[in-house]
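Numbering (numbering that gives the first Met the number 0), first residue to last: 0 to 245.
For glycine and all other residues, C-beta sits at the position ideal for the given N, C-alpha and C.
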Amino acid sequence: MESIKNRRTIRKYQSKDIPAELLNSLLEESFRASTMGNMQLYSVVVTRDQEMKVKLAPAHFNQPMVTSAPVVLTFCADFNRFSKWCRQRKAEPGYDNPISFLNAATDALLVTQNFCTLAEENGLGICYLGTTIYNPDQIVKVLELPELVMPVATITVGYPDECPEQPDRLPLTGIVHEETYHDYTPEMIDEIYAYKESLPENKHFVEINHTETLAQIFTDIRYKKSDNELMSETLRRTLKEQGFEK
0 MESIKNRRTI RKYQSKDIPA ELLNSLLEES FRASTMGNMQ LYSVVVTRDQ EMKVKLAPAH
60 FNQPMVTSAP VVLTFCADFN RFSKWCRQRK AEPGYDNPIS FLNAATDALL VTQNFCTLAE
120 ENGLGICYLG TTIYNPDQIV KVLELPELVM PVATITVGYP DECPEQPDRL PLTGIVHEET
180 YHDYTPEMID EIYAYKESLP ENKHFVEINH TETLAQIFTD IRYKKSDNEL MSETLRRTLK
240 EQGFEK
């Protein structure tokens, strides 16, 4: 699919709305994704209301796409619906545990990727917000998510109003392992990351941030250990509050 080979993240959108019938059709098609035990352990919260987008924005570090995109989709791991069905059918569910969260999160992420692929094939642009798992407690509150429902991915969607450069990707040889995992030698690491490190924009990042290497941009500025530990604690606490950990 050309839309996959040429895909890029879209952060600026036209004011044109997405028809409900198109959005619902794309969502329904995306639900054909593989799912654990055919249970469909996910829900999607569709946000179109501007006031609701404003309420969601702080959880996503106020990235402008959240309030400027016509639609924001929050994909959730959901064992609430299935557990209610079980109890109404005289079956006692046992899904208040981490493995159940992981199963539901996997279901939700498979659907998320299906939706993104379908949306782009139909002329829409998307931006994946990794901030969802940084501040899940805020999203739970804004979207009024009940027990056994946990946000795992947020996508902003709209008709593109930009065509940015396509981001780089690591070579196939750096990612694919035949038969068993083959650990990386220092020479292999140099080769795998050579192109990324050679890009002018990445060299510029190193220069303006006064770091010695591009890797230090990630470890010391963008994804710091202290931040990861703080957000991990928020994630653990929210999982417990949502009933996935005792």
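Taking 8 Å as the cut-off, the Cβ atoms of Ile125 and Ile98 do not count as close. Excluding five sequence positions before and after Pro163, the CB atoms of its chain that fall closer than 6 Å to its own CB belong to Arg7, given in chain order. With respect to the 8 Å criterion, Tyr127 and Ala152 are classified as neighbours on the basis of their beta carbons. One alpha carbon belongs to Gln49, the other to Pro185, and they sit about 50 Å apart. Between Met230 and Ala193, the alpha-carbon positions lie close to 31 Å from each other. For Ser42, the uninterrupted beta strand (DSSP E) segment begins and ends at Tyr41 to Thr46. Less than 8 Å divides the Cβ of Ile191 from the Cβ of Pro170. Judged by their CB atoms, Leu142 and Asp77 are not nearer to each other than the 8 Å cut-off. Shown here, Thr184 sits in coil according to DSSP, grouped into three states, outside any helix or strand. Nearest in C-alpha terms to Pro159, of all of Glu120, Val53 and Phe217, is Glu120. Beta-bridge partners assigned by DSSP to Cys115: none are found. In the displayed model, Met51 falls within a helix according to three-state DSSP. In this structure, the CA atom of Glu1 is about 22 Å from the CA atom of Leu108. Cα atoms of Leu55 and His181: separation of roughly 42 Å, rounded to the nearest angstrom.
The three-state reading of DSSP puts Tyr194 in helix, counting H, G and I together. Linking Glu244 to Gln39 through their CA atoms gives a straight-line distance of about 21 Å. Across the structure, Phe204 and Arg80 are spaced so that their CA atoms are roughly 46 Å apart. Proximity to Arg47 across Asp106, Pro69 and Pro150 peaks at Pro69, based on C-alpha coordinates.
Taking C-beta separations shorter than 6 Å and ignoring five residues to either side along the sequence, the partners of Cys115 in its chain run Ile125, following chain order.
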